[in-house]
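Colleague: Using my numbering, you'd call the opening residue of the sequence shown number 48 and step up by one each time. From the three backbone atoms N, C-alpha and C, an ideal C-beta is built for every residue, glycine too.
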Amino acid sequence: MSLVPLETVKAGVSAGGFTADDALLSRLAAASEVSIAGYLRFDLADEFPDGIPADLEQAIIELVRFFYEAHQDGRGTEGQGLPPLVRTLLAPHRKFL
Numbered sequence: 048m049s050l051v052p053l054e055t056v057k058a059g060v061s062a063g064g065f066t067a068d069d070a071l072l073s074r075l076a077a078a079s080e081v082s083i084a085g086y087l088r089f090d091l092a093d094e095f096p097d098g099i100p101a102d103l104e105q106a107i108i109e110l111v112r113f114f115y116e117a118h119q120d121g122r123g124t125e126g127q128g129l130p131p132l133v134r135t136l137l138a139p140h141r142k143f144l
């Protein structure tokens, strides 16, 4: 289960008017949360049991947008790393060992 509701993700990537991509967007949101948790080095649900902060929610949406647009355009995302806006949103939360 995603930490960001599907309707919020859809609105964030301008896909709110149709349901054809719901399964894809759900998978992209889950993958984005895993990617962000790995970058931050903590589990988002454990760290924020009452809901994630707005900046982390926006980071997830922006990463979904990045993946979704790449999918629509037929281009890959390999080797690109996190988009700069996502890294900026995540910076205050990143834990270093």
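#1: Please report the residue range of the alpha helix (DSSP H) in which P131 lies.
#2: Looking at C-alpha atoms only, which residue of Q105, S61, Q119, E116 is the closest neighbour of E80?
#3: Are there 16 or more other CB atoms within 10 angstroms of the CB of G98, so buried, or fewer, so exposed?
#4: Looking only at C-alpha atoms, which of K142, Q127, R134, V111 sits nearest to L50?
#5: Report yes if the C-beta distance between V56 and A70 is below 8 Å; otherwise report no.
Modeller: Taking the coordinates as given:
#1: 131-137
#2: Q105
#3: Flag for G98 reads exposed.
#4: V111
#5: no
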